[in-house]
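Structure first, then comments.
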Amino acid sequence: MSVTARDNATAAYVVALDVGGTGMKGALVGADHSLSHQARRPTARDDGPRAVVDGVLAFAAELWEAGIERHGTEPAAVGLAVPGIVDEAEGTAVYSANLGWRDVPLRELLAKRLDAPATPVALGHDVRTGGLAEGRIGAGAGVDRFLFVALGTGIAGAIGIDGRVEPGAHGGAGEIGHITVRPDGPACGCGRRGCLELFASAAAVGRAWADACGDPGATAADAAAAVVSGDARAAAVWHEAVDALAEGLVTALTLLDPRVLIVGGGLAEAGETLFAPLREAVRAKVTFQQLPTIVPAALGDAAGCLGAGLLAWDLLSAEVSS
0 MSVTARDNAT AAYVVALDVG GTGMKGALVG ADHSLSHQAR RPTARDDGPR
50 AVVDGVLAFA AELWEAGIER HGTEPAAVGL AVPGIVDEAE GTAVYSANLG
100 WRDVPLRELL AKRLDAPATP VALGHDVRTG GLAEGRIGAG AGVDRFLFVA
150 LGTGIAGAIG IDGRVEPGAH GGAGEIGHIT VRPDGPACGC GRRGCLELFA
200 SAAAVGRAWA DACGDPGATA ADAAAAVVSG DARAAAVWHE AVDALAEGLV
250 TALTLLDPRV LIVGGGLAEA GETLFAPLRE AVRAKVTFQQ LPTIVPAALG
300 DAAGCLGAGL LAWDLLSAEV SS
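Oh and the sequence shown: position 185 is 184 in numbering that gives the first Met the number 0, straight run, nothing missing.
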């Protein structure tokens, strides 16, 4: 795959790949945050963790080749965002309850697959990278302290401080989807019971609405539409999800005291059907805590790719400055 590359500091683009619980999004990202050659692929998690890793590597190789064809030169770097616990320094995907993998040396595997050992590879948590993008160029731009929460296949958060996102000492900062909100609730893939994402993720709402309406193919978007139409069953499902979400968020607010709370992910696409009752539920549950401004994410599902691109450009900047 190797071709003669320009100096990394002056190359025109990076490869960005955002791996989610059900799908992957990829793009070429310019230094001006422009996205080109955007593509999507299924994550194929039902085929097991090895198949997921193979799919990630194949998708990255596809984007790499597309970049060379478009620009005539290799990418300056690669940014890869994945769910779960991530060791960013070592380039290892430590653990993901949704994807089932453990201790995957993604940086090493990617370098081998691309035949590009000298190309910098930045690895980050999918939601933290989305939060990085929202914090710098999205809904949190200019805000000194924010919490970004993504409601997708699972739930996770990103803690934003002065234009950067806190990874934590062991790569696990922001995993609020595994805050216990219902102690007597069902078992979670993480090993605990009653975790927030079992009740308030887009996947959880979809499952609850499918059970309530009898349609196994029903989704969270269908539940939101039924709430708007006045369906009492949907209203009950929605209320349980919003109440659980508010419970988890108040715990996060108590610990982090953000100025702005940014909510994104699939469930946030319901707009005020979600945000109006959520703001009220959080307001009802806080006591001494300062109520943050609660706003929808601004970048949509492009946030992950944009954030992965930012990780790659940041890595290049750090190499140039050092």
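Ideal Cβ placement from N, Cα and C applies to all residues, glycine included. On a predicted model such as this, the values are computed, not experimentally measured, just so you know.
Give the DSSP-derived three-state secondary structure of residue i in the structure shown.
i           : result
residue 17  : strand
residue 292 : strand
residue 194 : strand
residue 36  : strand
residue 125 : helix
residue 185 : coil
residue 152 : coil
residue 142 : coil
residue 162 : coil
Please confirm if residue i has its CB atom under 8 angstroms from at least one CB of chain B.
i           : result
residue 130 : This model lacks chain B altogether; it includes just one protein chain.
Can you tell which of the options has its C-alpha closest to the C-alpha of residue i?
i           : options               : result
residue 114 : 132, 77 and 138       : 77
residue 322 : 253, 144, 302 and 239 : Absent from the model: residue 322. The displayed extent of the chain is 0 to 321, so no value can be given.
residue 55  : 226, 79 and 228       : 79
residue 69  : 47, 27 and 164        : 27
residue 189 : 97, 58 and 93         : 97
residue 34  : 213, 249, 40 and 25   : 25
residue 300 : 294, 125 and 87       : 125
residue 61  : 37, 232, 81 and 95    : 37
residue 250 : 140, 18 and 179       : 179
residue 161 : 177, 140 and 174      : 140
Quick one: what's got a C-beta closer than 6 angstroms to residue i's C-beta in the same chain, skipping five residues either side?
i           : result
residue 345 : The shown model of the chain, from 0 to 321, leaves out residue 345, and the question about it has no answer.
residue 120 : 77, 106 and 109
residue 7   : Note that residue 7 has pLDDT 47, beneath the 50 cutoff, so the model's placement of it is unreliable and the number below is only indicative. If we look at residue 7 and ignore the five residues flanking it on each side, its Cβ neighbours are 75 and 315.
residue 65  : 36
Residues in its own chain within less than 7 angstroms of residue i by CB, not counting five upstream and five downstream?
i           : result
residue 132 : 298, 302, 305, 306 and 309
residue 13  : 28, 74, 75, 76, 77, 78, 308, 311 and 312
residue 317 : none
residue 48  : 98, 99 and 100
Going by the DSSP bridge assignment, what does residue i pair with across the sheet?
i           : result
residue 250 : DSSP, once it has assigned bridges, lists no residue as partnering residue 250.
residue 284 : Beta-bridge pairing links residue 284 to no other residue.
residue 41  : 22
residue 84  : 94
Tell me which residues share the same chain as residue i and place their Cβ nearer than 8 angstroms to its Cβ, disregarding the 5 neighbours each side in the sequence.
i           : result
residue 258 : 142, 143, 144, 145, 291 and 292
Cβ pair count under 8 angstroms reaching 3, the region 263 to 274 against the region 147 to 157: yes
Three-pair Cβ contact test at 8 angstroms for the region 193 to 200 versus the region 166 to 173: no
contact_flag[the region 202 to 214, the region 228 to 241] where n(CB pairs < 8 angstroms) is 3 or more: yes
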